[in-house]
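The sequence shown begins at 15 in this note's numbering and counts up by one. We put the CB at the ideal spot given by N, CA and C, even for glycine. Fair warning: this is a prediction, and the values are worked out from it, not measured in the lab. The block underneath contains the structure these notes are about, expressed in structure tokens.
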Amino acid sequence: MWLKPEEVLLKNALKLWVTQKSSCYFVLQRRRGHGEGGGRLTGRLVGALDAVLDSSARVAPFRILLQVPGSQVYSPIACGATLEEINQHWDWLEQNLLHTLSVFDNKDDITSFVKGKVKALIAEETSSRLAEQEEEPEKFREALVKFEARFNFPEAEKLVTYYSCCCWKGRVPRQGWLYLSINHLCFYSFFLGKELKLVIPWVDILKLERTSNVFLTDTIRITTQNKERDFSMFLNLDEVFKMMEQLADVTLRRLLDNEVFDLDPDLQEPSQITKRDLEARAQNEFFRAFFRLPRKERLHAVVDCSLWTPFSRCHTAGRMFTSDSYICFASREDGCCNVVLPLREVVSIEKMEDTSLLPNPIIVSIRSKMAFQFIELKDRENLVEGLLVRLKQVHANHPVHYDSSPSDDDMTSSVFYSTSMCSDKFGDLEMVSSQNGEEKEKEKSPLPHPEPLTVFQQSGCQSPDSRLSREQIKISLWNDHFVEYGRTVCMFRTEKIRKLVAMGIPESLRGRLWLLFSDAVTDLASHPGYYGNLVEQSLGRCCLVTDEIERDLHRSLPEHPAFQKETGIAALRRVLTAYAHRNPKIGYCQSMNILTSVLLLYAKEEEAFWLLVAVCERMLPDYFNHRVIGAQVDQSVFEELIKEHLPELAEHMNDLSALASISLSWFLTLFLSIMPLESAVNVVDCFFYDGIKAIFQLGLAVLEANAEELCSSKDDGQALMILSRFLDHIKNEDSPGPPIGSHHAFFSDDQEPYPVTDIADLIRDSYEKFGNQSVEQIEHLRCKHRIRVLQGHEDTTKQNVLRVVIPEVSILPEDLDELYDLFKRAHMMSCYWEHPRPMPLRHDPSRPYAEQYRIDARQFAHMFQLVSPWTCGVHTEILAERTFRLLDDNMDQLMEFKAFVSCLDIMYNGEMNEKIKLLYRLHIPPALTENDRDSQSPLKNPLLSTSRPLVLGDTIDYQKQLKQMIKDLAKEKDKTEKELPKMSQREFIQFCKTLYSMFHEDPEENELYQAIATVTTLLLQIGEVGQRSSSSGSCSQECSEELQASAPSPEQDSVFVETGKPPQDPRAFPEAGEGDWTVSLEHILASLLTEQSLVNFFEKPLNIKSKLENAKLNQYSLKALEMSHPPQPELKLNNL
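Encoded structure:
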């Protein structure tokens, strides 16, 4: 165990301890009298002393000391009761600390660093023990308090777990604490008087990987857009990395891939996520991927056990997995034996007598007269109790019907629905959902053609007898296998069946075995009548999806006779339309038509539908959607596998993405579109048995077979030609039907004969050379590359948005880049902490790039406060609200990046007239409303003063000049631009208030106030002139006298006089109409141009960079402040 470092003098302990190992900085010692075969007097004395001491005073026989060269003071940092225990600590020090210490310049830094690291390890060990024992969570609460104090997140930012580690800054490690929360990875260190804080949102992580550097053999590297961060010296690095992977995967998919991603029920509410939930999710993901089960399946228990395997006449050690609807078994030795038992097939679960030979056994009996014996089950009572509850529930939800008199058709196909380990007799329990049940429901079924569409003619084969004999041999081998291993979905799945599949499944058995291997047979049996209802509901409806389906119907295997008739086309239409109706999120995606066509050749229409469900929803997750994320992830995984297994080819083809674009169709259509059909169906056989692993390894085998030619190719086009020609010449010598070429072949008419490759040989090579990839490895690679693919989509979105915006604004591209990041982060922060989360309304990856990220009024107000040059103190928020209303053209309360930047560009780079026009528009409807938050301001009801004299000569000359100015402006106005409405007196007051607020704290504040007072007085008089000219003289005179009577004295030198009493006369602010006080944009602009200080203010150059730097530093703190003090508009309104 690790010890709290305390200084000791080694020379006083030499007689009690013997040095076993030493290095530059550490010494491993053994206490005398322990582990010595002989017996010196000293050793015996020390051993005897330790033996008689009380247990609390005894000294551990092994210890590790920290020694600093040149110092006589040592510090014990670890002790152990056994040599094995102390060696584990020694190995950890050598791997994580020894090389690191060489970077320090003086011994004090070394001592401080090691002591801090050891103390952190002690604290982590303590917290881990508490977590394991589920005792009082004081340690976690203490860490939570520190996390909240150090990073000042809102309360909604839940801490998941924390670890002690080092963060490398260059060559110097900083010891501290790593905090993993639901949305962020945070690190805090206070070392040698220096504080370091790092906050990295999960959505900013581009790459998460384990790597090594010069000093350490194993580190975790976090890559973001601008930096790489290395973290090391974890007590359990594997656990930390898995937790990081889970959090990054969940958060990125929740926020960036909400198009198709459905979270587990326990993770639906991010604020409730715990470390245990994430560990359970990881187990669930592995379980569903390994056995290829529906996503809704929730794992309940994983227990070690042994299963009786009659074919080997012994018990096979492995693990039992129990879920909502399944009992599954996987042997410890990969591929030795796997079993999938749907609870729907289970008749009983019984406990047997516990004996020394059969400890804690249970028997699971299934309906096909077969039983599975499990032994060595821990906590058997609770396990069986839970299984019985779920078994009862499954049978209640999906009642099982029995038929004791199967038809002849059932007898011929009974190999798939009945199993007997001892004889070939057909059992008396029958599942009425396949053969017999379908015959009985034919009259009710709306499907005119339920049979498979297989049309294989034997005429035309060069050697039909030999091919048929090979087919019969395969059938015989499969029948023998069924007798020994089982013939239902509950069969023992071993390496032997994999070899049979690799040889190619016989044509007569192919469709049924696809149903069993994919477990689509369970879905089929559990949903009687479901497909027929879907067909009735979906046929005849016209929409975009049905149009796409109709367009592709005649492109699906047009060379095959089955799809040269309306019968086959109609069946294909029904299956695709029904699936689109079942799963609108996927709908229809190109390549689904080719896959479904092949399924219809070997399965009945309803069976083909459920096979399509199995492929789209669990065997190829996220493949068939708007962005084909799943296929892109697997392409990225494929690239890494190429680098690992074919390094020479990877080195030659510098950009493997070009190769991935060629191989994309391999994954989307399972080689059906680029390989002759009779060969490609063998690939589909392997896919249904082994899942995506079969496609990965076959792809590698294809590349290896052509590696020499590919390495000599000059460009991507030549590489495409090489691969296309090779794939087009893959034949199936065992196929009983005539060869049907691929309609996508490029080189079917070669002048020179091209060597033919047999599909069975290619598949066998793929298993032998590349079949060592486990499901766990593939899922890990998928998780790793999903981050890269999703971030690639985000980068594409960003580049497309910027490409549209850059030509339209004057802001520099690098500044626009940072503005986009701030804009996106504002959206993300609202998704992090606001309830209810608005993310589904704002982020839709299927929308055009410019519309994928949008922010609401509150987020816009934050952005406005951070980056706008028009800051007006307390008035800023009101101005931001008006700006948002002005830019929200479609009134959906959301704003896109382009509108935001266009407005900002005017503020920073616009001409003076553009800036004034924007300000003008911000103070007329729709930006300014009757219910504006500033409506209760005393300035709404001011007394206007025109007592400030204009230095323009006498009154008569002044009026003439005003009239002339109005005429000139009217002539110069651009007739093509829509005329803005004139500004009323109330609106003009708000406009002036904004200007006054903008000038606050400006270096030329006094001059600007004098200038704006002059301009305001001028504009007030212009409005009065317009009012007099459009109304009767008496009315104008009354208004003028009223204004003059209430005007302030000249000494006040103010345009606005605040009075606490609103006017009683309702005519004080009449609606803008004939005879009302108004001014136009031209009036305001012309008046402002008369004051040079105002012109200088609006035309001075503004630098956005400083604002951006400040925004990056303060964006989080501003949001946290808002979350800690939520706005209360009603109270604010009353306090104004």
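Boundaries of the beta strand (DSSP E) around G94: V87 to G94. According to the DSSP assignment, S320 belongs to the beta strand (DSSP E) that extends over L313 to T323. Around the beta carbon of C328, fewer than 16 other beta carbons sit within 10 angstroms, so the residue counts as exposed.
As the crow flies, the alpha-carbon of E665 is around 12 Å from that of E653.
Less than 8 Å divides the Cβ of W680 from the Cβ of G713. The residues R188 and Q189, in chain order, have a CB closer than 6 Å to that of F205 in the same chain once the five nearest residues on each side in sequence are set aside. Annotation: I1118 to V823 spans about 13 Å, alpha carbon to alpha carbon. A straight-line Cα-Cα distance of about 11 Å links P90 and M15.
Cβ-Cβ separation between V915 and L1022: approximately 28 Å, too far for a contact (criterion under 8 Å). Between T536 and R306, the C-beta spacing is not below 8 Å. Under DSSP, I214 forms a beta bridge with L199.
The shortest C-alpha to C-alpha distance from C917 to any of I938, P883, R155 and K1133 is the one to P883. Residues A840, Q1129, L1132, K1133 and E1136 of the same chain have their beta carbon placed closer than 8 Å to that of H876, with the five preceding and five following residues left out of the count.
Nearest C-alpha to E658 among L734, P575 and N786: N786. Between T265 and N197, the C-beta spacing is below 8 Å. About 7 Å separates the Cβ atoms of I744 and P690, confirming a contact at the 8 Å cut-off. In this structure, DSSP gives I341 an extended state, which the three-state scheme calls strand. In this chain, the alpha helix (DSSP H) harbouring W624 covers E619 to A628.
Using a Cβ distance threshold of 8 Å, E793 and A303 count as a contacting pair. The alpha-carbon separation between S522 and S693 amounts to approximately 16 Å.
Taking C-beta separations shorter than 6 Å and ignoring five residues to either side along the sequence, the partners of I1026 in its chain run L1009, following chain order.
The C-alpha of L614 lies about 12 Å from the C-alpha of R524.
Taking the CA atoms as reference points, K241 sits about 16 Å from T233. Bounds of the beta strand (DSSP E) holding M384 are M384 to I389. I236 and C797 have their C-alpha atoms roughly 15 Å apart. Taking P466 as the centre and dropping the five residues before and after it, the same chain places the C-beta of G525, L614, L615, Y616, A617 and K618 closer than 8 Å to its C-beta, in chain order.
DSSP places T1031 in the helix class (H, G or I) of the three-state scheme. By the Cβ criterion, the segment 926-935 is in contact with the segment 1093-1102, since at least three pairs of Cβ atoms, one from each stretch, lie closer than 8 Å. Taking the Cα positions, P859 is about 28 Å away from C200. The beta carbons of A721 and L684 sit no closer together than 8 Å. V354 has C342 as its beta-bridge partners, per DSSP. Distances from the CA of V698 to each of Q551, G518, L833 and Q805 were compared; the closest alpha carbon is that of G518. If you check the CB distance, E390 and P373 come in under 8 Å. At the C-beta level, I688 and S726 stay beyond 8 Å of one another. DSSP places W528 in the uninterrupted alpha helix (DSSP H) bounded by E521 to S532.
Within the same chain, V881 come within 6 Å of K1121 by CB-CB distance, once the 5 residues on both sides are set aside.
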